[in-house]
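Q:
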Amino acid sequence: MNILLVIIAIIAVIMLITGGIVHTLNFLLWVGLVLAVIALIVFLARVITGRRAG
Numbered sequence: 001m002n003i004l005l006v007i008i009a010i011i012a013v014i015m016l017i018t019g020g021i022v023h024t025l026n027f028l029l030w031v032g033l034v035l036a037v038i039a040l041i042v043f044l045a046r047v048i049t050g051r052r053a054g
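Under the working numbering, the sequence shown has 33 at position 33, and the numbering climbs by one with no breaks.
#1: Is the beta carbon of residue 33 sitting closer than 9 angstroms to the one on residue 18?
#2: Kindly indicate which residue of 45, 14, 48 and 39 has the alpha-carbon position closest to the one of residue 3.
#3: Shortest alpha-carbon distance to residue 31 belongs to which of 6, 50 and 15?
#4: If I follow the unbroken alpha helix (DSSP H) through residue 26, where does it start and stop?
#5: Can you tell me the Cα-Cα spacing of residue 11 and residue 41, whole angstroms?
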């Protein structure tokens, strides 16, 4: 997996956990969801097209 994709996925998980625990940080929950969806789309695109990261 691309290192950028890994970093985005880790940030998404951290934001999802933070947004779930701290109710006042609801914005981070949505940002985490968007980043997770973007990471998933990029990952699936790489798997489907068969391209391998350097």
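Glycine included, every Cβ here is placed at the ideal spot set by N, Cα and C.
A: Considering the structure as presented:
#1: no
#2: 39
#3: 15
#4: 26-49
#5: 16 angstroms
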